[in-house]
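Undergrad:
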C-alpha cells in the first residue's frame, strides 16, 4: 500500500522518476511508526477492560468509523452487588452479544459508552470489532511520505548498517529517514494504547 500515487509525486516535491518501491518503503515505515497496519480504514478486534464504575472505554485506533460487533463479559459480583441474583441466572464470566445500535460512540476520541443490563449487571470486559482509519489519506501523511523518500534519496548510504538488494531491506543506525519534521507530521496518526 502506497500513500502517494505516481501521479502525485511532483505535487509533493518528488521527481516523477523515483521508483515506486521507495514510496512503498516510506509508506511501510509510516505504518510502523504509527503502530498500525494501515492508516486507511481497517478492521480491528480489541478487548478492553471496563474499570469498576466506568461508563466509557477507549479504543486504540482512530478515527472510529464503525462498530461492527460487540460482546461483553459480565463481571463477578462485587461486595454489595446482587451476587445471588447474578448466580441464579448463571451469568458471571459469560460472554453476551450486544446490540451495536445501542452503543454511544465518539469517532474522534474512540470512546464507547458502556451499557449495563436492565438488572444493573455490569460488564467486566468488552470485545469490540470495529473499523477505524481514514477514507482518504490525509495530506500530512502524504507530505511525510514524500519527505521520507527525499531523505532516502538524498543520503541512501548514510548510516547504513546492512543492506540487501533482493528483498529491499535496509537497516540504519539512526532514524535519519524519520526526522523530526516527519515525526511532527505523523504525531496525530500514531495509535495510542489506553490502559
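Residue numbers (the working numbering): 1 to 195. C-beta atoms are modelled at their ideal positions from N, C-alpha and C, and glycine is treated no differently.
(1) In three-state DSSP terms, what is residue 148?
(2) Would you identify the three-state DSSP class for residue 29, choosing helix, strand or coil?
(3) Could you give the DSSP three-state label for residue 139: helix, strand or coil?
(4) For residue 29, which residues in the same chain have their Cβ closer than 8 Å to its Cβ, ignoring the five residues on either side in sequence?
(5) Can you round the beta-carbon distance between residue 123 and residue 73 to whole angstroms, since I take them to be within the 8 Å contact cut?
(6) Pick helix, strand or coil for residue 103, following the three-state DSSP scheme.
(7) Over what stretch of residues does the alpha helix (DSSP H) that includes residue 180 continue unbroken?
(8) For residue 97 and residue 71, what's the separation of their Cα atoms in angstroms?
(9) Is it buried or exposed for residue 36, if we count other Cβ within 10 angstroms and need 16 for buried?
(10) Where residue 55 and residue 131 are concerned, what is the direct C-alpha to C-alpha distance, given to the nearest angstrom?
(11) Helix, strand or coil for residue 11 per DSSP?
(12) Applying the criterion that 16 or more other CB atoms from any shown protein chain within 10 Å of the CB defines a buried residue, is residue 113 buried or exposed?
(13) Quick check on residue 51: buried or exposed, where buried means 16 or more other Cβ atoms within 10 Å of its Cβ?
(14) Any idea which residues DSSP pairs residue 72 with across the strands?
(15) Which residues share a DSSP beta bridge with residue 44?
(16) With DSSP run on the structure shown, which of helix, strand or coil describes residue 23?
TA: According to the structure shown:
(1) Looking at residue 148 - three-state DSSP - the assignment turns out to be helix.
(2) Helix, per DSSP.
(3) Three-state DSSP puts residue 139 in a helix.
(4) These residues qualify, in order along the chain: 148, 177 and 178.
(5) Contact flag correct, Cβ pair sits at about 6 Å.
(6) It is coil, neither helix nor strand.
(7) Looking at the DSSP string, the run of the alpha helix (DSSP H) that includes residue 180 is 180-186.
(8) In this structure, the alpha-carbon of residue 97 lies about 4 Å from that of residue 71.
(9) Residue 36 counts as buried, since at least 16 other C-beta atoms from the protein chains shown sit within 10 angstroms of its C-beta.
(10) If I take the Cα positions, the gap works out to 22 Å.
(11) Three-state result, residue 11: helix.
(12) By the 10 Å Cβ count, residue 113 comes out exposed.
(13) Label assigned to residue 51: exposed.
(14) Partner(s): 96 and 126.
(15) Per DSSP, 130.
(16) Collapsing the DSSP output to three states places residue 23 in a helix.
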